[in-house]
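*Asks:* Residue numbers (the UniProt record's numbering): 3 to 478.
Ideal placement from N, C-alpha and C gives every residue a C-beta, glycine not left out.
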Amino acid sequence: DTIILWFRQDLRLNDHPALEAAAREGKRVLPLYILDDETPNEWRMGGASRWWLHHSLSALGKDVLNAGGQLILRRGEAATILQELCEVSGADTVYCSRRYEPWASAQEKTLHQTLGSQEIAFKRYGGTLLHEPGQVMTQGGGPFKVFTPFWRACQRIEIAPPVTPAEKHWANRVQSDDLDDWALLPTAPNWAESWGDYWRPGENGAQERLHEFLDDEVARYADERDFPAVEATSRLSPHLHHGEISPRQIWAMCEQKRLENPHSETAVKKFQAEIGWREFSYHLLHFFPGIPETSFKENFTNFPWQANEERLRRWQEGNTGYPIVDAGMRELWATGTMHNRVRMVVASFLCKHLLQHWRSGEDWFWDTLVDADLASNGCSWQWVAGSGADAAPYFRIFNPVTQGEKFDKKGEYVRRWVPEVAKLPNKYLHKPWEAPAPVLKEAELELGHTYPEPIVDHRDARQAALDAYEHIRLSN
Ligand code: FAD
Numbered sequence: 003d004t005i006i007l008w009f010r011q012d013l014r015l016n017d018h019p020a021l022e023a024a025a026r027e028g029k030r031v032l033p034l035y036i037l038d039d040e041t042p043n044e045w046r047m048g049g050a051s052r053w054w055l056h057h058s059l060s061a062l063g064k065d066v067l068n069a070g071g072q073l074i075l076r077r078g079e080a081a082t083i084l085q086e087l088c089e090v091s092g093a094d095t096v097y098c099s100r101r102y103e104p105w106a107s108a109q110e111k112t113l114h115q116t117l118g119s120q121e122i123a124f125k126r127y128g129g130t131l132l133h134e135p136g137q138v139m140t141q142g143g144g145p146f147k148v149f150t151p152f153w154r155a156c157q158r159i160e161i162a163p164p165v166t167p168a169e170k171h172w173a174n175r176v177q178s179d180d181l182d183d184w185a186l187l188p189t190a191p192n193w194a195e196s197w198g199d200y201w202r203p204g205e206n207g208a209q210e211r212l213h214e215f216l217d218d219e220v221a222r223y224a225d226e227r228d229f230p231a232v233e234a235t236s237r238l239s240p241h242l243h244h245g246e247i248s249p250r251q252i253w254a255m256c257e258q259k260r261l262e263n264p265h266s267e268t269a270v271k272k273f274q275a276e277i278g279w280r281e282f283s284y285h286l287l288h289f290f291p292g293i294p295e296t297s298f299k300e301n302f303t304n305f306p307w308q309a310n311e312e313r314l315r316r317w318q319e320g321n322t323g324y325p326i327v328d329a330g331m332r333e334l335w336a337t338g339t340m341h342n343r344v345r346m347v348v349a350s351f352l353c354k355h356l357l358q359h360w361r362s363g364e365d366w367f368w369d370t371l372v373d374a375d376l377a378s379n380g381c382s383w384q385w386v387a388g389s390g391a392d393a394a395p396y397f398r399i400f401n402p403v404t405q406g407e408k409f410d411k412k413g414e415y416v417r418r419w420v421p422e423v424a425k426l427p428n429k430y431l432h433k434p435w436e437a438p439a440p441v442l443k444e445a446e447l448e449l450g451h452t453y454p455e456p457i458v459d460h461r462d463a464r465q466a467a468l469d470a471y472e473h474i475r476l477s478n
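1) For L84 and L113, what's the separation of their Cα atoms in angstroms?
2) By the 10 Å Cβ neighbour count, where 16 or more other Cβ atoms means buried, how is S477 classified, buried or exposed?
3) Looking only at its chain, what residues have a beta carbon closer than 6 Å to the beta carbon of P135, apart from the 5 residues adjacent to it on each side?
4) According to the neighbour-count rule (16 or more other Cβ atoms, all chains shown, within 10 Å of its Cβ), is E300 buried or exposed?
5) Classify S248: buried if its beta carbon has 16 or more other beta carbons within 10 angstroms, exposed otherwise.
6) Mind the definition here: the segment 75-84 touches the segment 361-368 only if three or more C-beta pairs lie below 8 Å; say whether that holds.
7) Restricting to runs no shorter than 4 residues, where is the alpha helix (DSSP H) found entirely within the segment 258-333?
8) Using CA atoms only, rank isn't needed, just tell me which of I474, S382, A439, H432 is closest to P456.
9) Excluding sequence positions up to five away, which residues of its chain have a Cβ less than 8 Å from the Cβ of Q120?
10) For G323 and A309, what's the separation of their Cα atoms in angstroms?
11) Quick one: is the Cβ of G363 within less than 8 Å of any heavy atom of the ligand FAD?
12) Could you spell out the range, first to last residue, of the beta strand (DSSP E) harbouring V31?
13) Who are the near neighbours of G406 in its chain, counting only those whose CB is closer than 6 Å to its CB and skipping five residues on each side?
14) Along the chain, where does the alpha helix (DSSP H) that runs through R461 open and close?
15) On a CA-only basis, which of L187, R100, A231 is nearest L131? Give me that one, please.
16) In the DSSP assignment, find the unbroken beta strand (DSSP E) run with R175 in it and report its ends.
17) Decide yes or no for the touch test of the segment 385-404 against the segment 412-430: beta carbon pairs closer than 8 Å, at least 3 of them.
18) Might you give, ordered along the chain, the residues of its own chain that have their beta carbon closer than 6 Å to the beta carbon of P306, omitting 5 neighbours on each side?
19) Helix, strand or coil for S362? Go by DSSP, reduced to three states.
20) Could you pull the start and end residues of the alpha helix (DSSP H) that Y97 belongs to?
21) Would you identify the three-state DSSP class for L186, choosing helix, strand or coil?
22) Could you tell me which of L468, T370, K29, A387 sits nearest to E169, measuring between CA atoms?
23) W45 and E103 look like a contact to me (Cβ under 8 Å); what is the Cβ gap, rounded to whole Å?
24) Buried or exposed, going by whether 16 or more other CB atoms sit within 10 Å of the CB of N379?
25) Sort T296, D228, L352, I293 by Cα distance to E312 and report the nearest one.
26) Taking a contact to mean a Cβ-Cβ separation below 9 Å, would you say H56 touches L181 in this structure?
27) How many Å lie between V90 and A24 at the Cα?
28) Should the segment 208-216 be called in touch with the segment 170-190, which here means at least 3 C-beta pairs below 8 Å?
29) Report yes if the C-beta of M340 is less than 8 Å from at least one heavy atom of the ligand ZN; otherwise report no.
30) Considering Cα atoms alone, identify which of I5, Q11, D38 is closest to E22.
31) Pick helix, strand or coil for I6, following the three-state DSSP scheme.
32) How about R418: is its Cβ closer than 8 Å to a heavy atom in the ligand FAD?
33) Whole angstroms are fine: how far does the CA of V66 sit from the CA of I293?
34) Apart from the five residues on each side of it in sequence, which residues of its chain come closer than 8 Å, Cβ to Cβ, to G143?
35) Should T235 be counted as a contact of the ligand FAD given a C-beta to heavy atom distance under 8 Å?
36) Where does I252 sit, in a helix, a strand or coil, going by DSSP?
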């Protein structure tokens with residue numbers, strides 16, 4: 003007898019409840035990954051995620067091989083492929099980890115019916131979150147819409163330890179696609195050329211990153227996690243997104259760290275609360291599945307956005323003339339990620355200074371982030387735009403100059419990503435347009451030629467944003 007273990011966003015072999023359940027059935031396990039670009043529709047994986055997926059599948063394939071099995075790769079609509087493979091392999095059961103994207107939940111419902119009608123059992127397991135959506139509810143039984151009480155309630159529920167591995171009997175190999183034929187890596191242009199310097203996709207890379215973080219960066223986490231030039235955060239988000247590490251594994255290691263080193267308590271708790279934001283995003287996506295597409299606060303559906311291709315393009319390319327914004331956008335393009343503080347700054351700039359719909363920023367991030375995640379991305383964009391649950395108030399408008407001066411005081415981050423302004427003294431680094439002519443000359447900077455003039459004036463833009471907000475307040 004054979005069970006198909008359908009890998010999805012859970013590309014690991016350890017702490018994998020569906021895989022362990024399959025192994026414990028005593029049947030032969032057929033590990034399968036399906037590249038399904040049809041079912042997610044417009045939320046098919048973006049370019050950066052595909053780069054990651056290629057390397058992650060390559061790593062998983064090797065790990066499965068080392069364990070004695072063979073990872074089968076197939077491309078197409080998941081339901082069709084699963085039925086076909088059940089027939090070919092004689093499998094009567096399909097196990098997988100649950101997903102929470104609206105399209106994925108709908109797909110799971112359909113699979114229950116179609117597979118069930120052919121007497122194929124279909125079972126879903128957890129493991130992607132600390133708590134399943136629905137486990138953490140308000141006293142009245144409704145979904146939380148505010149983070150702090152949600153997280154407090156989460157912490158009252160015990161977190162199970164990672165599952166212990168059982169011996170696996172792998173199924174005989176069946177025909178598999180060749181990963182290279184999927185052409186997941188970008189070619190024209192190959193914008194991921196140097197990403198290998200930053201990332202090590204796969205389960206081993208994820209474990210290594212967690213251990214390094216807890217040995218090293220965590221000491222700086224509490225005080226310096228907001229400074230983009232400092233390596234103080236975990237950079238675990240793409241590993242978590244692709245399921246190469248489970249939040250339970252992270253949790254268990256954090257608890258161990260706290261026990262071993264009581265001084266780390268504050269930093270570790272702060273870090274755990276960030277994992278909490280990931281939980282909260284999934285919780286919101288589950289209960290409010292419209293989040294990636296429509297403003298959570300209804301009045302924002304009437305917001306007078308001013309769609310403008312030119313403004314959007316300059317933001318995407320990192321040519322707004324605001325160095326901290328441009329540094330972030332260029333870091334994103336060059337590495338597939340951007341520091342969280344800078345994500346907030348560039349997102350606020352797009353929505354509030356440039357009055358572009360948060361969805362256009364969400365789409366760009368979807369395509370360019372290696373951690374692009376429907377729950378976290380949608381919730382974060384709405385949080386910044388002011389339209390989300392528990393969002394930053396709209397009238398709080400980040401000033402890109404003071405944000406730069408505060409969080410990149412010595413300008414290391416900006417100098418790294420925006421070399422055109424690198425020779426400016428710190429005093430003008432975040433506002434080159436204020437530098438007197440001799441200073442610009444000395445810094446070999448010609449505004450409007452070697453580096454853009456600011457795309458909008460901060461004060462005018464701020465006022466325009468507040469006026470736009472007033473419009474929805476009045477029309478509500
Ligand atoms: P750490 O500080 O080490 O945090 C640990 C983990 O907690 C992260 O790996 C991540 O899984 C989770 N986390 C941290 N902050 C958040 C948050 N605000 N919301 C949800 N989870 C969080 N994160 C994504 O994983 N995918 C996205 O597509 C994404 N889009 C974002 C878009 C915008 C506009 C903003 C402002 C934030 C977005 N984030 C997203 C959240 C956050 O920026 C990243 O999770 C974080 O920068 C990843 O770096 P890290 O792993 O070093 O984080």
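*Replies:* The answer reads as follows:
1) Between L84 and L113, the C-alpha separation is close to 9 Å.
2) Exposure of S477 is indicated by the presence of fewer than 16 other C-beta atoms within 10 angstroms of its C-beta.
3) Excluding residues within five positions, the ones whose Cβ falls inside 6 Å are H285, H288.
4) Around the C-beta of E300, fewer than 16 other C-beta atoms lie within 10 Å, and the residue is accordingly described as exposed.
5) Buried, since its Cβ has 16 or more Cβ neighbours within 10 Å.
6) No, the segment 75-84 does not touch the segment 361-368.
7) Counting whole runs of 4 or more residues, the segment 258-333 contains the alpha helix (DSSP H) stretches 267-289, 311-319.
8) For the set I474, S382, A439, H432, the Cα lying nearest the Cα of P456 is the one of H432.
9) Beyond the five residues adjoining it in sequence on each side, Q120 comes within less than 8 Å, by CB distance, of Q85, C88 in the same chain, given in chain order.
10) Their Cα atoms are separated by approximately 20 Å.
11) Indeed, a heavy atom of the ligand FAD lies less than 8 Å from the Cβ.
12) Element bounds for V31: 30-37.
13) These residues qualify, in order along the chain: I326, H432.
14) Looking at the DSSP string, the run of the alpha helix (DSSP H) that includes R461 is 460-477.
15) The candidate whose alpha carbon is nearest that of L131 is R100.
16) Counting along the chain, no beta strand (DSSP E) covers R175, and no H or E run does either.
17) As far as the Cβ criterion goes, the segment 385-404 does not touch the segment 412-430, which means the pair count is below three.
18) Taking C-beta separations shorter than 6 Å and ignoring five residues to either side along the sequence, the partners of P306 in its chain run A470, H473, following chain order.
19) Looking at S362 - three-state DSSP - the assignment turns out to be helix.
20) Y97 -> not in any alpha helix (DSSP H); beta strand (DSSP E) instead, spanning 93-99.
21) In the structure shown, L186 sits in coil (DSSP, three-state: anything other than H, G, I, E or B).
22) The candidate whose alpha carbon is nearest that of E169 is K29.
23) So it is a contact: roughly 7 Å between Cβ atoms.
24) N379 counts as buried, since at least 16 other C-beta atoms from the protein chains shown sit within 10 angstroms of its C-beta.
25) It is L352 whose Cα lies nearest to the Cα of E312.
26) Against a cut-off of 9 Å, the Cβ pair of L181 and H56 comes out as a contact.
27) Taking C-alpha positions only, V90 is separated from A24 by approximately 19 Å.
28) For the pair of segments examined, the segment 208-216 was found not to touch the segment 170-190: the number of CB pairs separated by less than 8 Å stays below three.
29) Looking for the ligand ZN in the displayed structure turns up nothing; the ligands present are the ligand FAD.
30) When I5, Q11, D38 are compared, the shortest CA-CA separation from E22 is found for I5.
31) DSSP places I6 in strand when its eight states are reduced to three.
32) The ligand FAD never approaches R418 closely enough for any of its heavy atoms to be under 8 Å from the residue's Cβ.
33) For I293 and V66, the distance between alpha carbons rounds to 36 Å.
34) Residues of the same chain with a CB within less than 8 Å of the CB of G143, apart from the 5 flanking positions on each side, do not exist.
35) At least one heavy atom of the ligand FAD sits closer than 8 Å to the Cβ of T235.
36) Three-state result, I252: helix.
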